[in-house]
Amino acid sequence: MKHVMIFLSVLSVICFCWGPVGFGVEEGWISLFNGENLECWTVNENPGSFIVRDGAIVCNGPRSHLFYSGETQNAAFKNFEFQADVMTKPGANSGIYIHTKFQETGWPSTGYEIQVNNSQIQHGDYKELKKTGSLYGIRNVYKAVVKDNEWFNVHITVIGKRIQIRVNDTLLVDYTEPAQPVRDDYHKNWRLSRGTFAFQAHDPESTAMYKNIRVKPLPDDLESDGEPPVVDERYKQIIQLSGDNFPVLDLHTHLKGGLTIEEALENSRKVGIFYGVAPNCGLGFPIQDDAGIDQFIEEMKDKPVFLGMQAEGREWVNMFSKEAIAKFDYVFTDAMTFTDDNGKRVHLWIPAEVEIEDKQAFMEMYVKRIESVLSDEPINIYVNPTFLPACIAEDYDELWTEERMMKVINAAVKNKVAIEINARYRLPSAAFIKRAKKAGVKFTMGTNNGGPDLGRLEYSLDMVKECGLTWQDMYVPGS
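Per numbering that gives the first Met the number 0, the very first residue in the sequence shown carries number 0; after that it's consecutive.
Below is the structure:
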């Protein structure tokens, strides 16, 4: 009997050391959930929205929040690493709160929310665009980087004023809170201090599950080495738009002039603009066949960016298979490369290639080309809109008459093609955008960089403000 007892003791140690992640198997990590019931957790409104099933907390039902209230750190964490394994069902919306505190009703008004949402559809007149891994309303992710019905890991690190969010080891957010955070009235207390964790049951149509919930407390006196953003007017605008569900997206980013994908992602995390990276595809451009597309897609695998195809020239539709094109999140083109009425291939941005004797005749031909592009080519976005070659650019307001603008606008609406607000060329004009908005056109924003400087979508964001654009006016790939 003595030998049996020794064997059982050894076995229990072995099971403890090599058991499921989050139950004390890693040095410094403490499990916050026993896998059996909600001991050490407190529910506010609608307690029925949380149950434990198969070792996981299941969140489903009317709005409710489940707060950690156990003895670890007296449920008041400052610096820490936190992990949970998460699974969402299609259409689910949920969230993980940090540095928060218990409240009887409503959305938690303290701390921060880390968004959990891979595929929620529109509810009434609202569609949540912030995806899993977003630091809600502060640093938003607009592309789902994980799938529903599959377990994925969320890893949150807080040191001092710095928050890092990783999903399946991919760094999505690296945000350092400035001394004077910019917040609206409702989120005025969203800042780092000290607090507990909470899970969100968002609505009866959302089901999210959490298991292997663990924390590694870190010393309170650790200070972050992150660099806080400069709180200028552009920063304030980006934060305001991010909180208003406006997709702060640059869908026209190129890896050119030495810019690497790692540098682009670092810049995205710094300025709060989510990128769509697009190679040039077409005759005479870097990608000219399906094999080139496959290579690019493989290189960008698991990168938290949208993948766009910049379709060049009018030949592109015959150069790539539908299957290869479909591997991109979106496709865009412009009418700056075309064959004129004399059969000459023209690049409008190269002054030496452009000869215009009759401006009005050129405009009639050009508008017809644009209408053809919008009607006949399988694109999602028309970029560099209303571009004019240098030799006539100074006559923009004269040449882009209301009639010509409306021909382009009507073709975009009819064919459900979004119009880009281009930061590089500062196009189209506010007059065009206002007419297009009234007609029901969707918009995107794009840098169209030729080198490593991506800026902050200055012209695009100025037009958003001047023309009164809202999130409902914007196109988001996959939405």
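All C-beta atoms, glycine included, are put in the ideal place defined by N, C-alpha and C.
In this structure, the CA atom of residue 103 is about 13 Å from the CA atom of residue 197. In this structure residue 303 is buried. Its beta-carbon is surrounded by 16 or more other beta-carbon atoms within 10 angstroms. By the neighbour-count criterion, in which 16 or more other beta carbons inside 10 Å mark a residue as buried, residue 294 falls on the exposed side. Beta bridge pairing from DSSP links residue 40 with 67.
By the Cβ-count criterion, residue 232 is exposed, with fewer than 16 other Cβ atoms from all chains shown falling within 10 Å of its own Cβ. When the Cα atoms are used, residue 268 and residue 261 turn out to be separated by approximately 11 Å. Apart from the 5 residues on each side of it in sequence, residue 469 sits with its Cβ closer than 8 Å to the Cβ of 243 and 245 in its chain, given in chain order. When C-alpha distances from residue 86 are compared across 276, 117, 32 and 234, the shortest belongs to 117. Counting along the chain, no beta strand (DSSP E) covers residue 138, and no H or E run does either.
Taking the C-beta atoms as reference points, residue 463 is found no nearer than 8 Å to residue 419. Spanning the alpha carbons of residue 308 and residue 136 requires a straight line of approximately 28 Å.
The three-state reading of DSSP puts residue 331 in strand, counting E and B together. The stretch 246 to 325 contains, as complete alpha helix (DSSP H) runs of 4+ residues, the segments 260 to 270, 289 to 298 and 321 to 324 (chain order). In this structure, the beta-carbon distance from residue 334 to residue 286 does not fall below 8 Å. Runs of the alpha helix (DSSP H) lying entirely within the stretch 385 to 427 and spanning at least 4 residues, in chain order: 395 to 398 and 401 to 413. In the DSSP assignment, residue 199 falls within the beta strand (DSSP E) that extends over 195 to 200.
Sequence-distant partners of residue 143 (beyond 5 residues in either direction) whose C-beta falls short of 7 Å from its own C-beta, in its chain, are 117, 118, 130 and 131. For residue 84, the uninterrupted beta strand (DSSP E) run begins and ends at 79 to 87, by DSSP. Contact check for residue 94 against residue 163 fails: the beta carbons are separated by 8 Å or more.
DSSP places residue 74 within a helical segment (H, G or I) once states are collapsed to three.
About 6 Å separates the CB atoms of residue 337 and residue 345; that is less than 8 Å, so the two are in contact. Sorting 193, 82, 400 and 109 by C-alpha distance to the C-alpha of residue 213 places 82 at the top.
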